[in-house]
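A.B. asks: Numbering-wise, the sequence shown is residues 126 to 971 according to this note's numbering.
Encoded as structure tokens, here's the structure I'll be asking about.
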Amino acid sequence: MTMHAKHEAPANGPSVIDIPVDGMTCASCVGRVEKAISAVPGVSKAEVNLATGKARVTLAGAQASAVAEAIRGAGYEPTATEISLAISGMTCASCVGRVEKALRAVPGVLSAEVNLATERATVRTADAGITPALVAAVSVAGYEARTIDEGRSEDGDAAARRQAEQSALGRAVVVAALATLPLMILEMGPHLSEAFHHWLYARIDAFLLKLVAFGLTTIVLFGPGLRFFLKGWPALLRGAPDMNALVMLGAGAAYAYSVVATFAPGWLPAGTDYTYFETGAVIVTLILLGRWFEARAKGRTSEAIKRLVQLQARSARVLRDGVESEIAIEHVRVGDLVLVRPGEKIPVDGEVVDGASYVDEAMVTGEPAPAHKSAGSAVIGGTINRNGALRFRAEKVGADTLLAQILRMVEQAQGAKLPIQALVDRVTNWFVPAVIAVALLTFAAWLAFGPSPALTYALVNAVAVLIVACPCAMGLATPTSIMVGTGRAAELGILFRQGAALQGLSEVATIAFDKTGTLTKGRPEMTRFVAAEGFTEDEALRLAASAESASEHPSAEAIVAEAKRRGLALVPAIDFTAEPGLGISAEVEGRAVLVGSARLMAERGIATITLAEQAASLARDGESPLYVAVDGRLAGLVAVADQIKPGTPAAISALKALGLRIVMVTGDNRATAETIAARLGIDAVEAEVLPTDKAAIVERLQGGRAKVAFVGDGINDAPALAQADIGVAMGAGTDIAIESADIVLISGDLRHVPEAIGLSKATMTNIRQNLGWAFGYNVLLIPVAAGLLYPLWGVLMSPVFASFAMAFSSVSVLANALRLRRFKARQDTPATAPGAAPAPAFGRMG
Numbered sequence: 126m127t128m129h130a131k132h133e134a135p136a137n138g139p140s141v142i143d144i145p146v147d148g149m150t151c152a153s154c155v156g157r158v159e160k161a162i163s164a165v166p167g168v169s170k171a172e173v174n175l176a177t178g179k180a181r182v183t184l185a186g187a188q189a190s191a192v193a194e195a196i197r198g199a200g201y202e203p204t205a206t207e208i209s210l211a212i213s214g215m216t217c218a219s220c221v222g223r224v225e226k227a228l229r230a231v232p233g234v235l236s237a238e239v240n241l242a243t244e245r246a247t248v249r250t251a252d253a254g255i256t257p258a259l260v261a262a263v264s265v266a267g268y269e270a271r272t273i274d275e276g277r278s279e280d281g282d283a284a285a286r287r288q289a290e291q292s293a294l295g296r297a298v299v300v301a302a303l304a305t306l307p308l309m310i311l312e313m314g315p316h317l318s319e320a321f322h323h324w325l326y327a328r329i330d331a332f333l334l335k336l337v338a339f340g341l342t343t344i345v346l347f348g349p350g351l352r353f354f355l356k357g358w359p360a361l362l363r364g365a366p367d368m369n370a371l372v373m374l375g376a377g378a379a380y381a382y383s384v385v386a387t388f389a390p391g392w393l394p395a396g397t398d399y400t401y402f403e404t405g406a407v408i409v410t411l412i413l414l415g416r417w418f419e420a421r422a423k424g425r426t427s428e429a430i431k432r433l434v435q436l437q438a439r440s441a442r443v444l445r446d447g448v449e450s451e452i453a454i455e456h457v458r459v460g461d462l463v464l465v466r467p468g469e470k471i472p473v474d475g476e477v478v479d480g481a482s483y484v485d486e487a488m489v490t491g492e493p494a495p496a497h498k499s500a501g502s503a504v505i506g507g508t509i510n511r512n513g514a515l516r517f518r519a520e521k522v523g524a525d526t527l528l529a530q531i532l533r534m535v536e537q538a539q540g541a542k543l544p545i546q547a548l549v550d551r552v553t554n555w556f557v558p559a560v561i562a563v564a565l566l567t568f569a570a571w572l573a574f575g576p577s578p579a580l581t582y583a584l585v586n587a588v589a590v591l592i593v594a595c596p597c598a599m600g601l602a603t604p605t606s607i608m609v610g611t612g613r614a615a616e617l618g619i620l621f622r623q624g625a626a627l628q629g630l631s632e633v634a635t636i637a638f639d640k641t642g643t644l645t646k647g648r649p650e651m652t653r654f655v656a657a658e659g660f661t662e663d664e665a666l667r668l669a670a671s672a673e674s675a676s677e678h679p680s681a682e683a684i685v686a687e688a689k690r691r692g693l694a695l696v697p698a699i700d701f702t703a704e705p706g707l708g709i710s711a712e713v714e715g716r717a718v719l720v721g722s723a724r725l726m727a728e729r730g731i732a733t734i735t736l737a738e739q740a741a742s743l744a745r746d747g748e749s750p751l752y753v754a755v756d757g758r759l760a761g762l763v764a765v766a767d768q769i770k771p772g773t774p775a776a777i778s779a780l781k782a783l784g785l786r787i788v789m790v791t792g793d794n795r796a797t798a799e800t801i802a803a804r805l806g807i808d809a810v811e812a813e814v815l816p817t818d819k820a821a822i823v824e825r826l827q828g829g830r831a832k833v834a835f836v837g838d839g840i841n842d843a844p845a846l847a848q849a850d851i852g853v854a855m856g857a858g859t860d861i862a863i864e865s866a867d868i869v870l871i872s873g874d875l876r877h878v879p880e881a882i883g884l885s886k887a888t889m890t891n892i893r894q895n896l897g898w899a900f901g902y903n904v905l906l907i908p909v910a911a912g913l914l915y916p917l918w919g920v921l922m923s924p925v926f927a928s929f930a931m932a933f934s935s936v937s938v939l940a941n942a943l944r945l946r947r948f949k950a951r952q953d954t955p956a957t958a959p960g961a962a963p964a965p966a967f968g969r970m971g
């Protein structure tokens, strides 16, 4: 349970925060926590209360995050409340760094992560009431923050804001282009065509042309381009310049120089009174065009979330007090009887009480084949009822439905930062100030050593440096790939609960599988029945199932289920006796029936020699043989086994093709376990393992720093899932809230495991491509813009080309991330026999 802390912020002096601490059991714990906190530089006082479970800390310069780390270092856990904020006004990676810095500086904040692509901040704090202070801190930093309601998707509002942003940028691009086009003709035309030059200047005075250029550029810069000045100038004054400041300085410098050259040429050295009005206008127009493309592309990165939101039904038809009525989805209550007609969406999660139909669950579980539903079946909100009418009882509504949980998990994963992002953050913190420094150095170098007119060369190259730099690409490189990758995973029925699992899964070398319920169906089924001489199969099975119907043993349930499937008429058994470890005996229709082991038959003097070889063969195949005797005679042999799931062989084959080591962990006896492992081609077996020992097995597999993933059903595998580097839980119906796992497979199909690994690897490759492009672009083009190639080949970069390159850089990163939307799971592949060539890996990107 999360405990909320109290936060005191005196007008002057240190701040006092209360941090809930989990794990303290005695006075010694209190002493250790107090000692750890007091050792943090900047902590003036620490008082820990065992009864309340809180640490009251007086901060005189220290940050709460440092205190939290000290508590963890002492072996305890600081409890935190998570707050989500929607941030607007960010344009580049530098903005992300500044917002994070502002949030982390608020007393009581343990950690803060900001995502440029999702425009969200996730703040972990010891104080649930700190939200107004967080919003204020973001505002002081020059941005806007809004709280996001817990338990509902922000996508509707976010989509509306994105659409409004796209529309505004579209209008700005049109206005800027209409003003820039004639300006380009007037300014560049005479340089491109001598005939046009003579025609133009013969009819229009040169000063009048400068005035027209001045007017058109002023419209562009202080109309559509005013946004750069309104955001860039305050950022510059705060000593925290961003992308807007670079554009403002570049375009503003070209404009200011041109204004002086037009209206006060005497202020400039002789021969340097050139105008660069078109440069400033084209810079603004191209960057606005790039941002418009960027906004459109960013909208497409969240299409998976949009599709999930669109799955939600808007209304439901419910039966209350015998009256049928249609109500809004938010008014459905647990226990309501809900009616669904063919072709309609199922509004909430529940259990069918009447009717039969096939339901298309592909959009939620990723399974293409419609699932048959009848009385007792679970149905999922957002899926589509195909061909029959259903009546079901609502069991989960609102934020508790599977679809709502999926939305929350996907949004959380999309907003996460991967470990690879740490390098980007370190670079972007100093990137924009460094670019401004390089631009100033470029200006000074060209002014001192450049050819005549040196001032002109100095200005043009300094402007090119300011404009070509692109922190946007670095800021978008990782989060856009995460957004698209996790969204595509959700469409396939794979939920990354932790964003870091997206990177961690790609680095796994060993995968350990729980057997029962994961590799196998988790329930015994009758696989074979062999009738003895003098008995028919159906008659012997009918008598055995009738006797076993009084038993609760899983093997008995499997025999009874098979008899019912065959339509055999069972009758009540009397004098039923269960003999633990041996079998059962009962009287059915006046006949004595025994079902059990060879030992039971031997004790009752019944010969089994005629079926002994077949029983031994079944045991070697990993099945459990049971004998059936009727009136003292051997009547048959029945085999019961926990069947391997249909998708398991293909999944194991695909994982081996990826070069992974496969380990099976089971409580079964070693002979049975090794038989199943040999059949599947599994590399190693850990048999006869107690559920409590599975975590220790995983820890041993992690020796030598190898990364291990554990795949289990999330019930008795929780310790192993938590111990593993990556825990993968199999979804169970509509219950996906498996806290110990990093990844949840909604349908429980193991073929999603290689799909998840394939998508993880594809996403990490995509991120590395984006980062390589973003860093490489800046490392290569900033020196070129500064004029590094001029002494060798006389090559200079035009500010106009620099603005085009900058706009293209961000758009290219987004376009590359969008390729992940085309990641496809391969079609089902047959099982690979041991020793055969492995099947191709699951998952590819088109």
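Think of the CB as a built atom: it goes at the ideal place given N, C-alpha and C, for glycine as much as any other residue.
Where DSSP assigns a beta bridge to PHE835, which residues make up the other side?
C.D. replies: Paired residues: ALA637 and GLY852.
A.B. asks: Measure from the alpha carbon of ALA227 to the alpha carbon of each residue in ASN240, GLY267 and THR890, then state which is nearest.
C.D. replies: Per the Cα distances, GLY267.
A.B. asks: In this structure, how does DSSP classify MET651 when only helix, strand and coil are distinguished?
C.D. replies: DSSP places MET651 in strand when its eight states are reduced to three.
A.B. asks: Any idea what DSSP makes of ASN512, helix, strand or coil?
C.D. replies: Three-state DSSP puts ASN512 in coil, outside helix and strand.
A.B. asks: Report the three-state DSSP secondary structure of PHE900 (helix, strand or coil).
C.D. replies: Residue state, collapsed to three classes: helix.
A.B. asks: Under the rule that 16 or more other beta-carbon atoms within 10 Å means buried, what is ILE769, buried or exposed?
C.D. replies: Label assigned to ILE769: buried.
A.B. asks: Put THR410 into one of helix, strand or coil per three-state DSSP.
C.D. replies: In the structure shown, THR410 sits in a helix (DSSP, three-state: H, G or I).
A.B. asks: What would DSSP say about GLY708, mapped onto helix, strand or coil?
C.D. replies: Strand.
A.B. asks: Please confirm if the region 651-669 is in contact with the region 710-726, defined as three or more CB-CB distances below 8 Å between the two stretches.
C.D. replies: With the cut-off at 8 Å, the region 651-669 and the region 710-726 touch.
A.B. asks: Between the C-alpha atoms of ALA775 and VAL234, what's the straight-line distance to the nearest angstrom?
C.D. replies: Approximately 47 Å, taken between the alpha carbons.
A.B. asks: Ignoring anything shorter than 4 residues, give me the alpha helix (DSSP H) runs that lie fully in the region 170-217, in order along the chain.
C.D. replies: Runs of the alpha helix (DSSP H) inside the region 170-217: 189-198.
A.B. asks: With a 10 Å radius around its C-beta and 16 neighbouring C-beta atoms as the bar for buried, classify GLU275 as buried or exposed.
C.D. replies: Residue confidence for GLU275 is low, a pLDDT of 47 falling below 50, so the modelled location carries little weight; the figure read from the coordinates is stated next. The residue in question, GLU275, is exposed, as its Cβ has fewer than 16 Cβ neighbours within 10 Å.
A.B. asks: At the level of alpha carbons, what is the spacing between ALA803 and ASP746?
C.D. replies: In a straight line, the C-alpha of ALA803 is about 10 Å away from that of ASP746.
A.B. asks: Rounded to a whole number of angstroms, what is the C-alpha to C-alpha distance between LEU914 and ALA193?
C.D. replies: LEU914 and ALA193: Cα-Cα distance of roughly 51 Å.
A.B. asks: Shortest alpha-carbon distance to LYS335 belongs to which of PHE402, PHE353 and SER292?
C.D. replies: Comparing Cα-Cα distances from LYS335 to each of PHE402, PHE353 and SER292, the minimum goes to PHE402.
A.B. asks: Is DSSP giving ASN841 helix, strand or coil here?
C.D. replies: Reduced to three states, the DSSP call for ASN841 is coil.
A.B. asks: So does the region 396-410 actually touch the region 581-600, counting three or more Cβ pairs closer than 8 Å?
C.D. replies: With a cut-off of 8 Å, the region 581-600 and the region 396-410 count as touching, because enough Cβ pairs lie within range.
A.B. asks: LEU362: buried (16+ other C-beta within 10 angstroms of its C-beta) or exposed?
C.D. replies: Under this definition LEU362 is an exposed residue.
A.B. asks: Would you tell me roughly how many angstroms separate the C-alpha atoms of GLU520 and LEU905, rounded to the nearest one?
C.D. replies: Looking at the two C-alpha atoms, the distance is approximately 59 Å.
A.B. asks: Ignore the nearest five residues each way along the sequence and tell me which others in ALA481's own chain have a CB closer than 6 Å to its CB.
C.D. replies: SER499 and GLY513.
A.B. asks: Measuring straight from C-alpha to C-alpha, what distance separates LYS431 and VAL869?
C.D. replies: About 21 Å.
A.B. asks: For GLY460, which residues from the same chain have a beta carbon less than 6 Å from its beta carbon, with the 5 sequence-adjacent residues on both sides left out?
C.D. replies: Contacts found: none.
A.B. asks: At 4 residues or longer, and completely inside the region 499-577: list those alpha helix (DSSP H) runs for me, N to C.
C.D. replies: Counting whole runs of 4 or more residues, the region 499-577 contains the alpha helix (DSSP H) stretches 527-539 and 546-574.
A.B. asks: Could you give the C-beta distance for VAL878 and ALA849, rounded to a whole number, given that I count them as a contact under 8 Å?
C.D. replies: In fact, because the Cβ distance is near 13 Å, the residues do not count as touching under 8 Å.
A.B. asks: Considering only their Cβ atoms, is the gap separating ALA681 from GLU687 smaller than 7 Å?
C.D. replies: For GLU687 and ALA681, no; Cβs fall outside 7 Å.
A.B. asks: Can you find a CB in chain D that lies within less than 7 Å of the CB of ALA656?
C.D. replies: Among the protein chains of the structure shown there is no chain D, as only one such chain exists.
A.B. asks: What are the boundary residues of the beta strand (DSSP E) that ARG442 is part of?
C.D. replies: Residues 440-445.
A.B. asks: Go ahead and label ARG795 buried or exposed: buried means 16 or more other beta carbons lie within 10 angstroms of its beta carbon, across all protein chains shown.
C.D. replies: Flag for ARG795 reads exposed.
A.B. asks: Which value, in whole angstroms, describes the spacing of the CA atoms of LEU444 and LEU433?
C.D. replies: Approximately 27 Å between the Cα atoms of the pair.
A.B. asks: Which residue wins for smallest C-alpha separation from ALA304, given the options ILE777, VAL609 and ILE344?
C.D. replies: Cα-wise, what sits closest to ALA304 is ILE344.
A.B. asks: Is the beta carbon of VAL790 closer than 7 Å to that of VAL814?
C.D. replies: In this structure, VAL790 lies closer than 7 Å to VAL814 by Cβ.
A.B. asks: Look at the alpha carbon of GLY222 and the alpha carbon of CYS597, and state the distance between them as a whole number of angstroms.
C.D. replies: If I take the Cα positions, the gap works out to 12 Å.
A.B. asks: So, for ALA205: in the same chain, excluding its five sequence neighbours on each side, which residues have a beta-carbon less than 7 Å away from its beta-carbon?
C.D. replies: For ALA205, where only same-chain residues beyond five positions count, the Cβ hits under 7 Å are LEU235, ARG249, THR250 and ALA251.
A.B. asks: Alpha carbon to alpha carbon, how far is LEU464 from PHE517? Give it in angstroms, no decimals.
C.D. replies: Each residue's Cα considered, the two are about 7 Å apart.
A.B. asks: If you compare alpha carbons, which of GLY424, LEU175 and LEU311 is closest to GLU1001?
C.D. replies: The requested residue 1001 does not occur in the structure, where the chain is confined to residues 126 to 971.
A.B. asks: My parser needs the alpha helix (DSSP H) runs of 4 or more residues fully inside the region 771-837; what are they?
C.D. replies: As far as the region 771-837 is concerned, its whole alpha helix (DSSP H) runs of at least 4 residues are 773-782, 795-805 and 819-826.
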